[in-house]
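Reading the sequence shown from the start, the letters are residues 47 to 430 in the working numbering. We treat Cβ as the ideally placed atom computed from N, Cα and C, and that holds for glycine.
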Amino acid sequence: AAAGGVEPVRSPHPPHLPPTPPFVSVAIRVRPSLADESVAVWAQPTEGPEVQRRVCVHRGYVLEEYEFSRVFGPEDDNRRLFHDLQGPRLAQSVFCGVNETLFAYGQTGSGKTHTIFGVREEPGLLQLFVRALFDRAAMSPGSTVHACCYEILGDSLTDLVDAEAFVNRGDLRPEDVVCDELFIKTQKCRYQIVRVSCLETCLALLQDARINRSAGVSSCNTHSSRTHAVVHLFVQNPVSNTSSDGASEASADGLSSTIGALTLVDLAGTEKEHENPSEQGRKSTRLLNTSLSSLNRLLRKLQTGCLDESERRQSVLNKCLWEYMRPGCGIALIFCVSPLLKHRAVTLSTLGMATESKLIHNQRKAQYIQLPAPPREAQGDAQW
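Below, the structure is given as structure tokens:
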């Protein structure tokens with residue numbers, strides 16, 4: 047989403063961009079199991095302060111070990127994930143104009159929604175990132191934060207944000223809400239992008255969006271996410287020129303402003319179509335698996351460095367995520383797996399995809415635009 051319809055310019059050397067690893071961060075999260083369940087997958091314990099990087103799979107006749115950027119066990123909560131995935135640095139990167147994208151990927155029932163959205167007792171990565179962004183916004187005068195959330199199922203996109211109630215009670219102004227459009231085949235889909243000026247309003251808006259998400263029966267749960275949920279948090283951060291005495295001032299030609307986006311994607315779980323107990327569930331599973339196959343092809347193109355525009359058109363999911371996955375973006379993938387013996391085949395497939403994803407490498411690039419110089423009395427008050 048470009049500010050004011052201006053196409054952002056990408057720069058490989060943005061000012062003050064924090065040093066970040068050039069390779070995609072691939073992490074594994076092993077969900078808890080009940081005491082009476084047979085386990086075939088576990089996080090390999092380490093001694094002392096060393097972080098866990100290995101996951102073990104017992105295949106009956108051989109024990110396999112996989113290594114990743116980070117492996118999280120059942121004892122690790124979402125705050126641990128946020129810390130070890132360098133959440134504060136990723137938030138800083140967004141303020142420098144970089145698109146950072148984080149996926150939760152895995153079979154149904156493996157803990158993806160818990161990881162992204164959390165529960166009442168434990169905040170998810172979404173809430174932790176929102177807090178980090180607003181903490182940084184408080185130190186960046188003139189910066190603005192904008193949020194949107196939608197769900198995707200097959201060829202349909204549904205806006206999950208309901209800003210009207212917030213406008214009616216005065217938490218948002220009507221001018222804080224704008225609509226973007228996405229053309230899908232012959233259909234025009236609209237979704238709202240909301241400028242949020244305080245932490246509490248942003249969290250409440252996104253919590254309501256989560257509640258609006260479609261759910262249904264899966265092969266593992268009676269209440270399971272049956273769509274892909276996408277959250278975008280856009281940050282526009284003015285870059286001021288600095289005079290010789292250290293004071294910030296706008297240039298005569300206008301303000302340069304970075305535009306970064308943090309995208310959190312909670313992918314609906316993979317499952318075999320015939321294992322879903324309901325007819326509607328099998329229909330949605332078919333649509334979800336098709337879009338996941340298209341996303342997998344896009345990821346494999348990133349692995350081999352041959353991503354081309356054709357992948358953008360393969361699915362609505364690809365089309366929505368294209369700007370946030372292409373070269374120049376930061377990508378972190380959290381592969382959620384079940385430790386259970388009965389899920390071992392699916393877990394091995396997930397670990398295989400995770401292993402291949404370690405080949406993805408993107409050089410982070412900032413996006414910035416040149417804004418017209420505001421009237422002198424309004425300088426420093428430019429808005430997205």
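Distance between I415 and I305, taken at the CA atoms: about 8 Å. For T401, the uninterrupted alpha helix (DSSP H) run begins and ends at R390 to S403, by DSSP.
Between the region 115-133 and the region 75-89 there are three or more C-beta pairs closer than 8 Å, enough to call the two in contact. Bridge partners of T204 according to DSSP: E197. Separation of K404 and V392 (C-alpha to C-alpha, rounded to the nearest whole angstrom) is 19 Å. Here C102 carries a strand assignment [DSSP, helix/strand/coil].
The beta carbon of A275 sits closer than 6 Å to those of E197, R259 and D312, all from its chain and outside the five residues before and after it, given in chain order. Taken through DSSP and simplified to helix, strand or coil, V362 comes out as helix. Contact between N145 and C366 is ruled out by a C-beta separation of about 13 Å, above the 8 Å threshold. In this model, F280 and L109 are separated by some 44 Å (Cα to Cα).
Going by beta carbons, L148 and A378 fall inside the 8 Å limit.
Distance from the CA atom of V140 to the CA atom of K231, rounded to whole angstroms, is 31 Å. Taking every protein chain shown into account, the CB of Q233 has fewer than 16 other CB atoms within 10 angstroms, so this residue is exposed. At a Cβ-Cβ threshold of 8 Å, V85 and L386 count as neighbours. Contact check for V240 against L218 passes: the beta carbons are separated by less than 8 Å. Between V76 and V101, the CB-CB gap stays under 8 Å. The alpha carbon of I257 has as its nearest neighbour, out of D226, L179, R166 and P187, the alpha carbon of R166. S202 is classed as exposed because its beta carbon has fewer than 16 other beta carbons within 10 Å across all chains shown. As a beta-bridge residue in DSSP terms, L109 pairs with H104. Measuring C-alpha to C-alpha distances from Q153 to each of N408, E402, T401 and R390 identifies R390 as the nearest. Distance check between F229 and each of L80, T204, S243 and G170 places T204 closest, using alpha-carbon atoms only. Excluding residues up to 5 positions away in sequence, R99 and R100 lie with their Cβ nearer than 6 Å to the Cβ of E113 in the same chain. For C382, the enclosing beta strand (DSSP E) has its first and last residue at G376 to V383. Take the alpha-carbon of S189 and the one of A183: they are about 6 Å apart.
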